[in-house]
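Numbering (the UniProt record's numbering), first residue to last: 1 to 62. For glycine and all other residues, C-beta sits at the position ideal for the given N, C-alpha and C. Working notes, structure below.
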């Protein structure tokens, strides 16, 4: 299956979940998860985790 022939636009924006051409974002109060072409970013409870082509970066505010 050739993906170029089977692409379609998706745009979902409901309470806490957003899916569009930029990627996927899930939010719950101040916590969130973003998945896009740059990698995966998670922010929750004063901890930030970023996973991308450069590796894994974990930061804590504590």
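In the DSSP assignment, the beta strand (DSSP E) including residue i goes from what residue to what residue?
| i | result |
| --- | --- |
| residue 60 | 55–60 |
| residue 36 | 31–36 |
Go ahead and pull the three-state DSSP assignment for residue i.
| i | result |
| --- | --- |
| residue 52 | strand |
| residue 41 | strand |
| residue 16 | coil |
Measure the beta-carbon distance from residue i to residue j and round it to whole angstroms, keeping in mind my assumption that it falls under 8 Å.
| i | j | result |
| --- | --- | --- |
| residue 35 | residue 23 | 5 Å |
Going by beta carbon distance, what residues of the same chain come within less than 8 Å of residue i, once the five residues before and after it are set aside?
| i | result |
| --- | --- |
| residue 52 | 38, 39, 40 |
| residue 56 | 49, 50 |
| residue 9 | 21 |
Quick one: residues in its chain with C-beta nearer than 6 Å to the C-beta of residue i, no 5 flanking neighbours on either side, listed in chain order?
| i | result |
| --- | --- |
| residue 48 | 59 |
Beta-carbon of residue i versus every beta-carbon of chain B: anything under 7 Å?
| i | result |
| --- | --- |
| residue 40 | Included in the structure is just one protein chain, with no chain B present. |
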